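Colleague: Numbering (the numbering used here), first residue to last: 26 to 299.
We put the CB at the ideal spot given by N, CA and C, even for glycine.
It should be emphasised that the depicted structure is a prediction, and the values quoted were computed from it without experimental measurement.
First the structure, which I've put down as structure tokens, then a few questions once you've had a look.
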Ligand SMILES: Nc1ncnc2c1ncn2[C@@H]1O[C@H](COP(=O)(O)OP(=O)(O)OP(=O)(O)O)[C@@H](O)[C@H]1O
Ligand SMILES: [Mg+2]
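Pasting the structure below:
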């Protein structure tokens with residue numbers, strides 16, 4: 026049994042994510058819940074869910090590291106870190122040869138270049154507009170009357186794709202409605218929407234300097250349509266970790282563990298010298 030545990034909490038605009046690590050860095054469990062605008066409450070919910078699931082007591086958790094849009098509002102945190110740092114660290118821990126991370130969440134998208142030693146190099150973020158984010162897909166799923174998690178399969182099985190010319194979510198929604206009125210089939214529209222996101226993210230990634238191997242993180246990496254279009258447009262394979270949505274929380278947990286280890290080493294040196 027581990028003597029202590031570390032929790033990484035990623036409180037995003039769409040979902041709250043928690044990962045619990047033991048002192049060796051082994052990931053014991055994770056939890057994901059929608060935030061629905063209640064950041065503090067959803068943070069507490071994922072935290073309690075993971076503790077109940079593993080049977081680990083709150084006292085045994087030596088550090089809680091937070092990241093994401095709501096990172097500063099979490100109570101009883103040890104430290105908060107930026108999403109860029111945490112996604113990069115989580116991706117590097119999952120696959121140490123990774124050089125580029127594309128994170129597409131509910132509200133923003135990010136492209137991060139990693140140095141060969143895992144340090145963050147250049148990065149770019151789109152947090153001004155819903156186009157090129159999961160929110161765009163959520164709005165469109167509602168307009169089309171389909172579920173978010175069926176969009177990916179629909180897109181990859183469609184031979185045709187609709188050309189969506191608007192980059193703005195509001196205008197693109199009107200465009201989708203008129204395409205449907207003209208008899209365009211839903212799978213073609215969905216594929217066109219996935220392509221529109223991929224085009225947008227391609228612009229972002231190009232400004233950073235696309236360097237393979239590339240990993241995709243964030244909830245949108247679960248959408249095979251976006252993944253497929255991105256790999257076609259970038260002409261590169263997209264590496265998708267088994268749970269792309271929790272990579273930021275994993276990175277936060279790992280950074281917490283490293284902080285504890287560093288401070289223990291310092292204490293050891295002080296005790297040895299006194
Ligand atoms: N099963 C699924 N299939 C397809 N897409 C999904 C699925 N689950 C989540 N998504 C997409 O993931 C998005 C949320 O991603 P994520 O949880 O990474 O966001 P977030 O971290 O809360 O947001 P941000 O980082 O922008 O603040 C949703 O908007 C949705 O488009
Ligand atoms: Mg996020």
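Distance, Cα to Cα, residue 219 vs residue 208?
Modeller: The residue labelled residue 219 in the question sits at position 194 within the chain shown. The residue labelled residue 208 in the question sits at position 183 within the chain shown. Roughly 19 Å separates the two Cα atoms.
Colleague: My output table needs one value for residue 212: the three-state DSSP class, helix, strand or coil.
Modeller: Taking the first residue of the chain shown as position 1, residue 212 is located at position 187. Residue 212 falls in the helix class under three-state DSSP.
Colleague: Could you check whether the Cβ of residue 94 sits closer than 8 Å to any heavy atom belonging to ligand 2?
Modeller: In the chain shown, counting from the first residue as 1, residue 94 sits at position 69. Result yes, Cβ under 8 Å from ligand 2.
Colleague: Please determine, among 293, 273, 283, the residue with the shortest C-alpha to C-alpha distance to residue 56.
Modeller: As a position in the chain shown, residue 56 is number 31, starting the count at 1. Minimum Cα distance to residue 56 is reached at 273.
Colleague: Any beta carbon from chain C within less than 9 Å of residue 161's own beta carbon?
Modeller: No chain C appears in this structure, which consists of one protein chain only.
Colleague: Using a Cβ-Cβ cutoff of less than 6 Å, which residues in the same chain neighbour residue 71 once the five nearest sequence positions on both sides are dropped?
Modeller: Your numbering for residue 71 matches position 46 in the chain shown. Only 41, 43, 56, 58 meet the Cβ criterion.
Colleague: So which of 153, 231, 101, 281 has the shortest CA-CA distance to residue 127?
Modeller: For the purposes of this step, residue 127 is taken as residue 102 along the chain shown, with counting starting at 1. Among 153, 231, 101, 281, the Cα nearest to that of residue 127 is on 231.
Colleague: Does the distance between the C-beta of residue 142 and the nearest non-hydrogen atom of ligand 1 fall short of 8 Å?
Modeller: Against the chain shown, residue 142 aligns to sequence position 117. No, ligand 1 has no heavy atom inside 8 Å of this Cβ.
Colleague: Would you mind sorting residue 203 into buried or exposed? The rule is 16 or more other CB atoms within 10 Å of its CB.
Modeller: Taking the first residue of the chain shown as position 1, residue 203 is located at position 178. The residue is exposed, with fewer than 16 neighbouring Cβ atoms inside 10 Å.
Colleague: Starting from the C-beta of residue 79, find all residues in its chain whose C-beta is less than 7 Å away, skip the five residues before and the five after it, and write them out in chain order.
Modeller: Numbered from its first residue, the chain shown carries residue 79 at position 54. 45, 53, 54, listed in sequence order.
Colleague: Using the beta-carbon count (16 or more within 10 Å), is residue 144 buried or exposed?
Modeller: Sequence index remark: in the chain shown, residue 144 carries index 119 (1-based). Residue 144 comes out exposed.
Colleague: For the 8 Å Cβ check, are there 3 or more pairs between the stretch 81–100 and the stretch 251–263?
Modeller: Touching, no, given that fewer than three Cβ pairs across the two stretches are closer than 8 Å.
Colleague: Confirm the yes/no value for this check: CB of residue 162, any heavy atom of ligand 1, distance under 8 Å.
Modeller: As a position in the chain shown, residue 162 is number 137, starting the count at 1. Yes, the beta carbon of residue 162 sits closer than 8 Å to at least one heavy atom of ligand 1.
Colleague: To which residues of the same chain is residue 186 closer than 7 Å at the C-beta, ignoring the five residues directly before and after it?
Modeller: For this step, residue 186 is matched to residue 161 along the chain shown. Correct list, in chain order: 213, 216, 217, 220.
Colleague: Contact check, residue 156 vs residue 192 under 8 Å by CB: the rounded distance?
Modeller: Translated into the one-based positions of the chain shown, residue 156 becomes position 131. Translated into the one-based positions of the chain shown, residue 192 becomes position 167. Yes, residue 156 and residue 192 are in contact; Cβ-Cβ is about 5 Å, under 8 Å.
Colleague: Tell me the DSSP secondary structure of residue 76 in three-state form.
Modeller: In the chain shown, the residue the question calls residue 76 occupies position 51. Residue state, collapsed to three classes: helix.
Colleague: Cβ-heavy atom distance between residue 57 and ligand 3 below 8 Å?
Modeller: No copy of ligand 3 occurs in the structure displayed; its ligands are ligand 1 and ligand 2 alone.
Colleague: Give the DSSP bridge partners of residue 58, in chain order.
Modeller: Residue 58 sits at position 33 when you count from the first residue of the chain shown. Looking at the DSSP assignment, residue 58 forms a beta bridge with 41.
Colleague: Per DSSP, residue 198 is paired with what?
Modeller: In the chain shown, residue 198 corresponds to position 173, counting from 1. Answer is none; residue 198 lacks a bridge partner.
Colleague: Between the Cα of residue 76 and the Cα atoms of 29, 284, 118, which residue gives the shortest distance?
Modeller: Within the chain shown, the letter at position 51 stands for residue 76. Closest by alpha carbon: 29.
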